[in-house]
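Single-structure report; data block below.
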Amino acid sequence: MSQKKIKNALVSVFHKDNLEPIINRLNELGVTMYSTGGTQSFIEELGVPVTAVESLTSYPSILGGRVKTLHPKVFGGILSRRELDSDVAQLEEFEIPEIDLVIVDLYPFEDTVASGAREQDIIEKIDIGGISLIRAAAKNYKDVLIVSSRDQYDYTLNLLNEKNGVSDLEDRKYLAKSAFNVSSHYDTAIFSWFNNDEGNFFKQSITQSQVLRYGENPHQEGVFYGDLEAMFDKLHGKELSYNNLLDVDSAVNLIAEFLDKPTFAILKHNNACGLASRDTLLEAWNDSLAGDPVSAFGGVLIANKTIDLATAEEINKLFCEVVIAPGYEDAALTVLKEKKNRIILVQKDVVLPSKQFRTILNGVLEQDKDSKTANANDFTTATKKEPTVEEINDLEFANKLVKHTKSNTIVFAKGEQLLASGTGQTSRVDALNQAIVKAKAFGFDLNGAVMASDAFFPFPDCVEIAKNAGVTAVVQPGGSIKDQLSIDYCDANDIAMVMTGIRHFRH
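Just remember that the working numbering sits 5 ahead of the position in the sequence shown, which is counted from 1.
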């Protein structure tokens with residue numbers, strides 16, 4: 006039969022928030038309830054009749070509560086197939102009640118790990134009975150309704166109210182699917198803790214999701230898996246799109262490199278088209294926009310300081326998709342909200358994952374996040390000429406930016422401002438020439454500028470072109486068997502070159 010009336014229920018949960026209305030409704034429907042420990046006490050305090058599981062099994066809770074429900078009289082009542090006469094006969098023989106509803110959640114394993122608890126405390130939060138009950142009830146969804154999380158309490162209460170204690174096969178199958186989602190996520194969390202990134206296994210489980218308007222293009226479906234509310238407070242605007250999220254991710258990772266001076270970045274298609282660090286945020290905004298005011302249209306903007314009114318008024322002159330900052334002055338927020346679709350986000354202080362992965366072919370690639378950024382202390386001067394203090398400052402600035410730009414890439418900077426970049430080119434020479442053309446197009450003088458490259462120079466052609474454009478200092482990882490060719494050219498042409506030993510390919 007598709008419809009099943011709930012006559013007997015097993016209720017044993019860790020989280021009792023919002024459980025009371027369900028217990029009261031089950032009582033109104035005349036459902037017999039079985040329970041254990043704290044949940045039993047909770048039900049009794051509501052004045053609702055409840056039978057201890059120990060009375061059903063004739064066994065007490067043992068081993069400090071580790072074994073309470075693991076008994077044939079419990080699991081037999083859950084797993085019995087009502088349409089099989091042999092199963093029904095065995096229930097009668099051993100006086101086992103059919104259990105039609107199981108409300109069970111799991112010990113908070115992930116919260117316990119996150120709290121920094123001792124190993125033994127974490128081990129004790131590995132649920133055994135709960136996970137077994139959930140899997141048993143979900144397996145027998147044709148006859149049993151399983152509620153495996155407090156997130157399902159509202160759904161369950163509505164079901165009890167609307168259908169008066171009767172469930173349809175569709176209801177039971179939906180909750181069974183949810184139950185296996187809960188159990189698989191739980192097991193993945195436990196495995197990840199034991200594994201500690203040591204084994205060659207790929208397991209990921211994210212239970213929160215947000216359906217996007219579409220994917221990268223309108224004909225593609227898109228979903229974000231994760232908790233955006235943990236990352237941002239959304240103050241205004243439409244929902245983030247797939248492409249917005251890619252740019253926002255790039256923006257957040259880039260701005261994390263700039264912690265001290267007020268800094269503004271403008272991103273388009275995952276690359277910075279504007280970046281500047283200044284004494285005030287308004288100056289940083291104006292100079293980041295000057296880097297490429299054409300590409301900035303429809304871009305994603307991010308600041309590392311609270312946005313004030315003066316800066317907001319300048320931003321408001323530009324059409325942009327997203328603005329991100331750690332905070333906003335009230336007057337600034339009023340101005341930015343004048344564009345109804347503009348997405349305004351407050352970035353929270355969140356630790357980002359240390360691993361990255363992407364699907365390719367018929368599998369998945371995983372790698373450590375590129376968390377290394379060389380600074381002046383890591384620079385090794387390869388040339389006879391040492392860079393000046395000002396050049397070292399700009400080399401650090403440019404090297405931070407080149408790390409977050411699509412390969413092959415070349416970045417020009419001067420006075421802590423992005424002058425131009427060549428991005429995503431198949432040739433490093435092409436990237437360099439692209440950057441020179443862009444710099445000239447927006448009126449920048451490259452004399453005295455520095456150049457950063459994401460990878461080594463196999464030939465001296467790049468430093469020769471850069472010299473002719475006015476560049477006086479270069480930062481690159483080094484590592485080519487022909488490094489000396491570029492070094493020799495720099496020595497012969499009064500250019501300072503430093504090496505970091507860290508390549509920053511980004512594909």
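C-beta atoms are modelled at their ideal positions from N, C-alpha and C, and glycine is treated no differently. Computed from a prediction, not measured in an experiment: that's the story for all the values here.
(message) Determine whether the beta carbon atoms of N404 and A471 lie at a separation below 7 Å.
(response) no
(request) State yes or no: is the C-beta of L251 within less than 7 Å of the C-beta of V305? (result) no
(message) According to DSSP, D373 sits in a beta bridge with which residue or residues?
(response) K360
(request) Output the residue ranges of the alpha helix (DSSP H) runs that lie fully inside the segment 429-471 and measure 4 residues or longer, sorted by chain position. (result) 433-446
(request) Report the rounded CA-to-CA distance for P54 versus L174, giving the unit in angstroms. (result) 28 Å
(request) Drop a sphere of 10 angstroms on the beta-carbon of P392, count the other beta-carbons inside from all chains shown, and report buried for 16 or more, exposed for fewer. (result) buried
(message) Which residues does DSSP list as the beta-bridge partners of Q422?
(response) A281
(message) If you reduce the DSSP assignment to three classes, tell me which class G296 lands in.
(response) coil
(message) Taking the straight line between their C-alpha atoms, what separation do you get for V257 and T386?
(response) 31 Å
(message) For the pair the segment 12-21 and the segment 98-106, tell me if three or more CB-CB distances fall below 8 Å.
(response) yes
(request) State buried or exposed for F263, treating a residue as buried only when at least 16 other CB atoms are found within 10 Å of its CB. (result) buried
(request) Specify the secondary structure class of T393 as computed by DSSP and reduced to three states. (result) coil
(message) Suppose the cutoff is 7 Å on Cβ atoms and the five residues either side in sequence are ignored; what does the same chain contact list for A379 look like?
(response) N404, T505, I507
(request) Look up Y219 in the DSSP assignment and say whether it is helix, strand or coil. (result) coil
(request) Measure from the alpha carbon of G475 to the alpha carbon of each residue in D488, V503, N498, then state which is nearest. (result) N498
(request) Give me the Cα-Cα distance between C325 and E396, rounded to the nearest whole angstrom. (result) 32 Å
(message) Quick check on the DSSP output: the beta strand (DSSP E) that includes T339 runs from which residue to which?
(response) Premise fails: T339 lies in the alpha helix (DSSP H), 335-341, not in any beta strand (DSSP E).
(request) Helix, strand or coil for H509, going by three-state DSSP, please let me know. (result) coil
(message) Rounded to the nearest angstrom, what separates A436 and D116 at their Cα positions?
(response) 47 Å
(request) Just the C-alpha distance for V216 and N248, rounded to the nearest angstrom, thanks. (result) 13 Å
(message) Once DSSP output is grouped into helix, strand and coil, what is the label at S172?
(response) strand
(message) Quick check: what's the CA-CA separation for S154 versus L111?
(response) 8 Å
(message) Check this for me: beta carbons of T428 and N276, under 7 Å apart or not?
(response) yes
(request) Using the Cα positions of V149 and Q157, report the straight-line distance between them to the nearest angstrom. (result) 15 Å
(request) Under 7 Å Cβ to Cβ from E59, same chain only, skipping five residues before and after it: list those, please. (result) P65, S66
(request) Look at G279 and D265 and say whether their C-beta atoms are less than 7 Å apart. (result) no
(request) State the Cα-Cα distance for the pair G231 and V351, rounded to the nearest angstrom. (result) 17 Å
(message) Let's test the definition: count the other Cβ atoms within 10 Å of the Cβ of N382 and tell me whether it reaches 16, buried, or not, exposed.
(response) exposed
(request) Identify the continuous beta strand (DSSP E) that holds N13 and give its terminal residues. (result) 13-17
(request) Using DSSP bridges, identify the partner residues of V187. (result) For V187, which the question treats as bridged, DSSP gives no partner whatsoever.
(request) Report yes or no: do the segment 131-146 and the segment 181-198 share at least 3 C-beta pairs separated by less than 8 Å? (result) yes
(message) Please report the distance separating the alpha-carbon of S412 from that of A261.
(response) 20 Å
(request) Please say whether T316 and L294 have beta carbons closer to each other than 7 Å? (result) no
(message) Relative to the C-alpha of Y146, which candidate in L24, L162, F185, I136 has its C-alpha closest?
(response) F185
(request) Report the residue ranges of all beta strand (DSSP E) runs contained in full by the segment 214-266; include only those spanning at least 3 residues, in chain order. (result) 214-216, 228-230, 237-241
(request) To the nearest angstrom, report how far apart H512 and H274 are at their CA atoms. (result) 13 Å
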